[in-house]
Amino acid sequence: MRTLSMEPVWPDSDRIPCMIATVFAALAAGRQLWLVDPTGMDAPRLALVQSVQGLANRSGPLVWQKVGGMTTVLIDQLRAEGWSVRETKDPWEVAEAFRRRIRGAVLCNASDESLNVAATWAGIEDLLVLDESLKGQAEARGWKVRRDARREAPPVSRLRRDLAVEQPPEKAGFLRDYAIRHRAECYWTGDRQDQRERKVARLEAGSFVLGWGPDEYRWIEAISRRSGSGVAADWCANLSAMEAAGGDVRTLPRLGPERPPVKGERVVAFVLSDGDNIQWLTQGMPLHPSYYGHPRRGEFKMTWEVSPLLARYAPRVLDWIYAKATPGDGFVAAGAPGYAYPALAPQRDIYARQTKELLRRSGLRIVGVIDDNSGSMESVAPLLELPEVDAVLYKAYAPYHKLGGKVWWHNGKPCVSYRFPLWEGMEGWGPEDLLKAIEAMPADPSNPDSYALVTVHAWSFGSQGGPVETVRRLIPRLPQGTRVVTAPELVEWLVRFCRPR
Numbered sequence: 001m002r003t004l005s006m007e008p009v010w011p012d013s014d015r016i017p018c019m020i021a022t023v024f025a026a027l028a029a030g031r032q033l034w035l036v037d038p039t040g041m042d043a044p045r046l047a048l049v050q051s052v053q054g055l056a057n058r059s060g061p062l063v064w065q066k067v068g069g070m071t072t073v074l075i076d077q078l079r080a081e082g083w084s085v086r087e088t089k090d091p092w093e094v095a096e097a098f099r100r101r102i103r104g105a106v107l108c109n110a111s112d113e114s115l116n117v118a119a120t121w122a123g124i125e126d127l128l129v130l131d132e133s134l135k136g137q138a139e140a141r142g143w144k145v146r147r148d149a150r151r152e153a154p155p156v157s158r159l160r161r162d163l164a165v166e167q168p169p170e171k172a173g174f175l176r177d178y179a180i181r182h183r184a185e186c187y188w189t190g191d192r193q194d195q196r197e198r199k200v201a202r203l204e205a206g207s208f209v210l211g212w213g214p215d216e217y218r219w220i221e222a223i224s225r226r227s228g229s230g231v232a233a234d235w236c237a238n239l240s241a242m243e244a245a246g247g248d249v250r251t252l253p254r255l256g257p258e259r260p261p262v263k264g265e266r267v268v269a270f271v272l273s274d275g276d277n278i279q280w281l282t283q284g285m286p287l288h289p290s291y292y293g294h295p296r297r298g299e300f301k302m303t304w305e306v307s308p309l310l311a312r313y314a315p316r317v318l319d320w321i322y323a324k325a326t327p328g329d330g331f332v333a334a335g336a337p338g339y340a341y342p343a344l345a346p347q348r349d350i351y352a353r354q355t356k357e358l359l360r361r362s363g364l365r366i367v368g369v370i371d372d373n374s375g376s377m378e379s380v381a382p383l384l385e386l387p388e389v390d391a392v393l394y395k396a397y398a399p400y401h402k403l404g405g406k407v408w409w410h411n412g413k414p415c416v417s418y419r420f421p422l423w424e425g426m427e428g429w430g431p432e433d434l435l436k437a438i439e440a441m442p443a444d445p446s447n448p449d450s451y452a453l454v455t456v457h458a459w460s461f462g463s464q465g466g467p468v469e470t471v472r473r474l475i476p477r478l479p480q481g482t483r484v485v486t487a488p489e490l491v492e493w494l495v496r497f498c499r500p501r
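If you number the sequence shown the way this note's numbering does, the last residue is 501 and the count never jumps.
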């Protein structure tokens, strides 16, 4: 029997989430949330706080860690909606505040795998995660130890089959709150790929695994072979609270009409990578001056990958990003629905069904995927058959631009591969190389080779102000006859001028 899901069920009507948000704001008046400062906390105390977060946040956005970034933005929003904020540095104070919701404690060693076992028990049985070093303090406060994760693990029959979290013990203050809120299994397999495959094999097709692994390719490979999705989230400190905060996502900003390209022009779109990284999007990326917080954003065309899963996990973050958008900003979905290699998935139609709902909620219409190098563009056919999808932007695993700008058409829609990289430290991938490559392109909008998607590596050019600043400096140097547009605009012109008749 399938375990009861804690995830919200969203009705078809667009009006109902708005109504829920309005009622939620009204009920928030006079309510209190806790903001816990984790500065200086050791692993046992961080693990304790995470368990309180997961349990308390089943009832609303009640417990947060004070980690800055988008957390500060969302706390300010909640204050404006009538929530009072109580700050503390004492994990026991916040645990006592929610004692009526907690049935006891589960004992563990916060430095080994028993921490994950304890988090799993905590979600299933509403328990406080208690490191062995805190046992005396807990007993003095009247907390009863009901489970010992060092000696026993929950039976498989009690575990969810649609959601799991893979998280190393050393990240004691991150992500387990989400697993606990949703009664999901936590585990860490490290370099033991055979164990990872066994964990994933227990899950249903279409499952989500949040966290990260020691090797990107092998982690996503195992999940993809089960037709699941990975979600980079291992540094998320407040995901349970962000999800519990709910909220509506405003309509995606639409760009005004642009002059179509003409003979003698080539079309280029710069797309920042790694938008499938939930922890980055929900923390510093939207505010950081090297990224979305660039002081001159809007003066030039830039496309931003954003995970459509934000519409589920952190809708207020996605709404804030849209609210700050300028006419120069374009948006594409990073992942369908999460990070997976569709070529390896036995049931890739599941991805299309899951993506459909997230696109409806996020307003995104262009989907980006990363595929296994053994795959082909035909693996995204189910996505192109969705009425919610206008195009797919395709990356191979390594290098992203392996297919060199090839376009494949299906259902009258394009799957467009990336033509060029902009990536620091890789021979042939730097700004000067890109300028030469663009200059060599034809300049005829009726020729698909006149269109170029450029993947801009998010972790490059840090010493030069970041990747967005690098793009800003590069644009004035582009060869004559180059139109810089957003990815949605590039797709629009490609369809208009190059779609097979």
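Ideal placement from N, C-alpha and C gives every residue a C-beta, glycine not left out.
If you draw a straight line from the C-alpha of residue i to the C-alpha of residue j, how long is it?
i, j, result
"residue 272", "residue 141", "50 Å"
"residue 267", "residue 410", "22 Å"
"residue 242", "residue 279", "12 Å"
"residue 48", "residue 359", "36 Å"
"residue 269", "residue 492", "12 Å"
"residue 59", "residue 52", "12 Å"
"residue 500", "residue 119", "54 Å"
"residue 73", "residue 172", "24 Å"
"residue 151", "residue 378", "48 Å"
"residue 362", "residue 252", "7 Å"
"residue 307", "residue 320", "14 Å"
"residue 405", "residue 452", "6 Å"
"residue 441", "residue 450", "6 Å"
"residue 26", "residue 63", "Model confidence at residue 26 stands at a pLDDT of 41, short of 50, so the residue's coordinates are unreliable; what they give is reported in the following sentence. When rounded, the distance between both Cα atoms is 19 Å."
"residue 285", "residue 276", "12 Å"
Leaving out five residues before and five after residue i in sequence, what residues of the same chain have Cβ atoms less than 8 Å from its Cβ?
i, result
"residue 138", "105, 128, 130, 145"
"residue 298", "326, 327, 328, 329"
"residue 214", "190, 191"
Quick one: residues in its chain with C-beta nearer than 6 Å to the C-beta of residue i, no 5 flanking neighbours on either side, listed in chain order?
i, result
"residue 423", "429, 457, 460"
"residue 349", "382"
"residue 274", "458"
"residue 498", "448"
"residue 110", "43, 44, 47, 131, 172"
"residue 153", "117"
"residue 413", "384, 391"
"residue 346", "227"
I need the DSSP call for residue i, collapsed to helix, strand or coil.
i, result
"residue 85", "strand"
"residue 494", "helix"
"residue 499", "coil"
"residue 164", "strand"
"residue 269", "strand"
"residue 240", "helix"
"residue 488", "helix"
"residue 116", "helix"
"residue 141", "coil"
"residue 277", "strand"
"residue 53", "helix"
"residue 472", "helix"
"residue 124", "helix"
"residue 66", "coil"
"residue 75", "helix"
How about residue i and residue j: do their beta carbons lie closer than 8 Å?
i, j, result
"residue 78", "residue 323", "no"
"residue 122", "residue 190", "no"
"residue 218", "residue 185", "no"
"residue 192", "residue 57", "no"
"residue 407", "residue 445", "no"
"residue 481", "residue 228", "no"
"residue 76", "residue 102", "no"
"residue 420", "residue 454", "yes"
"residue 206", "residue 354", "yes"
"residue 317", "residue 70", "yes"
"residue 240", "residue 178", "yes"
"residue 397", "residue 230", "no"
"residue 472", "residue 208", "no"
"residue 164", "residue 115", "no"
"residue 342", "residue 375", "yes"
"residue 315", "residue 425", "no"
So, does the CB of residue i fall closer than 8 Å to a CB anywhere in chain C?
i, result
"residue 288", "Absent here is chain C; the protein component of the structure consists of one chain."
Cutting at 7 Å between CB atoms, please list the residues of its own chain near residue i, excluding the five before and the five after it.
i, result
"residue 97", "34"
"residue 295", "289"
Cβ of residue i within 7 Å of any heavy atom in the ligand NAP?
i, result
"residue 203", "Of ligands this structure carries none, so the ligand NAP is not represented either."
- Three or more C-beta pairs closer than 8 Å, one from the stretch 390 to 398 and one from the stretch 358 to 376: is that the case here? Under the three-pair Cβ rule at 8 Å, the stretch 390 to 398 counts as touching the stretch 358 to 376.
- Query: If we count Cβ pairs, one from each stretch, closer than 8 Å, do we get three or more for the stretch 320 to 334 versus the stretch 472 to 489?
  - Reply: Result yes; three or more Cβ-Cβ pairs closer than 8 Å.
- Query: Does the count of Cβ pairs from the stretch 71 to 91 and the stretch 33 to 44 closer than 8 Å reach three?
  - Reply: Segments in contact, yes.
- Query: Is the stretch 374 to 384 touching the stretch 232 to 240 in the sense that three or more CB pairs, one from each, lie closer than 8 Å?
  - Reply: No contact exists between the stretch 232 to 240 and the stretch 374 to 384.
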